[in-house]
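In terms of our numbering, the sequence shown has 155 at position 155, counting the first letter as 1, and numbering is strictly consecutive.
Cβ coordinates follow ideal geometry from the N, Cα and C atoms, glycine included.
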Amino acid sequence: MIKQIKTALLIVDVQPTFCEGGSLPVDGGNLVAERIGDLLARDHGYDMVVTTQDWHIDPGKHFNQNPDFVNTWPRHGVAGTAEAELHPSLVPLAGKITFQIKKGEYEAAYSGFEGVDGGGTSLDEILSMGNIKRIETAGLAFDYCVKETALDGVKLGYEVIVLKSLTAPVSQETAAHAELELQSAGVQICGNFSERRR
Ligand SMILES: [Zn+2]
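Right under this line is the structure:
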């Protein structure tokens, strides 16, 4: 019998702060959240489901009153605020989420691999303990936190697939660069950005 490769769904930063109505909204964020909720609600077959959240207390230069939207950003994902919680589309499905990672308390943390769960266990440790070899990743934003998480995943030896239709970018221009960077690192990209709902 061929043993299937164990696969985790990694949902990056699907928080109201990054969706329309939040502090650092990505166009299409709410639609991505809704579609990831639909996927979770189904009998999806993933061996593990992990979420990450930007969870800033005092991340230093990551926040700036005059942000450049490349290295500095308006305040977002502030720990303890409602918009830093998981998106309302995911909350009713919390029972299907195996681990919740938080990152960026005192510094910028684009990659989910920089975060830990409530018990202080890192994402890499969690995946290793579950014997996960493949990661399918979705969430916000494609060209920043999804990209950095995927790049760290391949560096750590995981097979990584980005479910592009379950992501949205900050800008189309940085998304195009991100896609090339991901492909050259060996990350597989599946699908296209989904059509925006008007
Ligand atoms: Zn942040």
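- DSSP three-state call for V14: helix, strand or coil? Locating residue 14 in the sequence shown gives position 14, where the first residue counts as 1. Of the three classes helix, strand and coil, the one that applies to V14 here is coil, per DSSP.
- Is any heavy atom of ligand 1 found at a distance shorter than 7 angstroms from the C-beta of P59? Locating residue 59 in the sequence shown gives position 59, counting from the first residue. P59: yes, Cβ under 7 angstroms from ligand 1.
- Message: At a threshold of 7 angstroms, does A141 count as lining ligand 1 (C-beta to nearest heavy atom)?
- Response: Sequence index remark: in the sequence shown, residue 141 carries index 141 (1-based). No, ligand 1 has no heavy atom inside 7 angstroms of this Cβ.
- Whole alpha helix (DSSP H) runs in the stretch 97 to 184 with 4 or more residues, listed along the chain? 123 to 129 and 147 to 155
- Contact under 8 angstroms by Cβ, D54 with A84: Taking the sequence shown and counting its residues from 1, the one referred to as residue 54 is at position 54. Taking the sequence shown and counting its residues from 1, the one referred to as residue 84 is at position 84. Contact flag set, yes.
- Message: Distance cutoff 8 angstroms, beta carbons only. Does G118 sit that close to anything in chain B?
- Response: No chain B is present in this structure, which holds just one protein chain.
- Note the first and the last residue of the continuous beta strand (DSSP E) segment covering I189. As a position in the sequence shown, residue 189 is number 189, starting the count at 1. Segment Q188 to C190, the beta strand (DSSP E) holding I189.
- Task: Would you kindly check if the distance between the Cβ of G186 and the Cβ of T167 is under 8 angstroms?
- Result: In the sequence shown, counting from the first residue as 1, residue 167 sits at position 167. In the sequence shown, counting from the first residue as 1, residue 186 sits at position 186. No. Outside cutoff.
- Task: Would you be able to state if there are at least three C-beta pairs under 8 angstroms between the stretch 62 to 71 and the stretch 7 to 16?
- Result: no
- Answer yes or no: the CB of H56 versus the heavy atoms of ligand 1, is any distance below 7 angstroms? Numbered from its first residue, the sequence shown carries residue 56 at position 56. Yes; taking the cut-off as 7 angstroms, the Cβ of H56 has a heavy atom of ligand 1 nearer than that.
- Which residues does DSSP pair with H56 in a beta bridge? Within the sequence shown, the letter at position 56 stands for residue 56. Its beta-bridge partners are V78.
- Query: Rounded to the nearest angstrom, how far is the Cβ of I101 from that of T137, given a contact under 8 angstroms?
  - Reply: Counted from its first residue, the sequence shown places residue 101 at position 101. Counted from its first residue, the sequence shown places residue 137 at position 137. About 12 angstroms; that fails the 8 angstroms criterion.
- Task: Put L31 into one of helix, strand or coil per three-state DSSP.
- Result: On the sequence shown, position 31 is the one that residue 31 refers to. DSSP places L31 in helix when its eight states are reduced to three.
- V70: which of P88, C145, L163 and K103 sits nearest, CA to CA? Against the sequence shown, residue 70 aligns to sequence position 70. Checked all of P88, C145, L163 and K103; the closest Cα to V70 is C145.
- Query: Which of the three DSSP states, helix, strand or coil, is assigned to V70?
  - Reply: Position 70 of the sequence shown, counted from the start, is the residue given in the question as residue 70. V70 falls in the coil class under three-state DSSP.
- Decide if K155 is buried, meaning its Cβ has at least 16 other Cβ atoms within 10 Å, or exposed. As a working note, residue 155 is residue 155 in the sequence shown. It counts as exposed.
- Query: Between H44 and ligand 1, is the CB less than 7 angstroms from at least one heavy atom?
  - Reply: As a working note, residue 44 is residue 44 in the sequence shown. Because no heavy atom of ligand 1 lies under 7 angstroms away, the Cβ of H44 does not count as near it: no.
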